[in-house]
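Q: This note's numbering puts the first residue of the sequence shown at 486, with every later residue one more than the last. Pasting a structure below so you can have a look.
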Amino acid sequence: MGTGDTISAQITGGVSGQVAVGKGIAQQQAIGTADLTADELTQLRQAFAGLRAHVAAHAPPERQAAAVERIEELEQACLSDEPDTTTIAYIARWFKTKLPELAGAVTGIVIHPTVGKIVGAAGGAIAAELGGAG
Numbered sequence: 486m487g488t489g490d491t492i493s494a495q496i497t498g499g500v501s502g503q504v505a506v507g508k509g510i511a512q513q514q515a516i517g518t519a520d521l522t523a524d525e526l527t528q529l530r531q532a533f534a535g536l537r538a539h540v541a542a543h544a545p546p547e548r549q550a551a552a553v554e555r556i557e558e559l560e561q562a563c564l565s566d567e568p569d570t571t572t573i574a575y576i577a578r579w580f581k582t583k584l585p586e587l588a589g590a591v592t593g594i595v596i597h598p599t600v601g602k603i604v605g606a607a608g609g610a611i612a613a614e615l616g617g618a619g
C-alpha cells in the first residue's frame, strides 16, 4: 500500500459471523430460501398449509382469524430472502401465551429441519431469540 492508504474498522455490539477488513476482499453470503432444493421448498410449503388448516380447525372462533394470520406471518418470516427471526420468535411466544393448545404444532414448524436450514444460513440467530421464547 502506498503512503496515505488507510484501512480501519470499528466493530461493536453483538456481532457474529465473518468480518474481513482489507483491500481486494470479496465476500458473499447466501441466505433465505436460495439454498433449498425444490423438494424442500415444496415440503415446507405443504407443512405450512397443513399447519394453517390445523390452526383454522382447532382455534377457538374468537381467535381463529388472528391465529391464521400469525401462521401466514410465520410463513412469510421463514421464507423471505432474509428470514425474520424476531417475527418467528414472536409468533412462537404468541401461540404459547394465547393458544397454548396449538403451540406444539407451531413449534413443529419452527423446528422443522428445512426452517432450521434457512435460519442456519442466516447465522443461527433464531436459537438465541427462541431461547427467550419460553
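Where a beta carbon is used, it is the ideal one built from N, C-alpha and C, also for glycine.
#1: Between residue 526 and residue 599, what straight-line distance do the alpha-carbon atoms span, to the nearest angstrom?
#2: On the DSSP letters alone, give me the boundaries of the alpha helix (DSSP H) that residue 581 sits inside.
#3: Locate the alpha helix (DSSP H) running through residue 492, then write down its first and last residues.
#4: Pick from 566, 593, 579, 577: whose alpha carbon is nearest that of residue 520?
#5: Using C-beta distances below 7 Å, list every residue in its chain close to residue 553, excluding the 5 sequence neighbours before and after it, in chain order.
#6: Quick check: what's the CA-CA separation for residue 579 versus residue 492?
#7: Would you mind working out which of 559, 587, 605 sits nearest residue 530, comparing C-alpha positions?
#8: Are the CB atoms of residue 604 and residue 570 nearer to each other than 8 Å?
#9: Given that a residue counts as buried once 16 or more other Cβ atoms are within 10 Å of its Cβ, and exposed if not, what is residue 534?
#10: Does DSSP put residue 664 in a helix, in a strand, or in coil?
#11: Helix, strand or coil for residue 526, going by three-state DSSP, please let me know.
#12: Please say whether residue 544 and residue 584 have beta carbons closer to each other than 8 Å?
A: According to the data block:
#1: 8 Å
#2: 570-583
#3: Neither: residue 492 is in no alpha helix (DSSP H) and is coded neither H nor E.
#4: 566
#5: 537, 540, 541
#6: 46 Å
#7: 559
#8: yes
#9: exposed
#10: A question about residue 664 goes unanswered here, because the residues of the chain that appear run from 486 up to 619.
#11: helix
#12: yes
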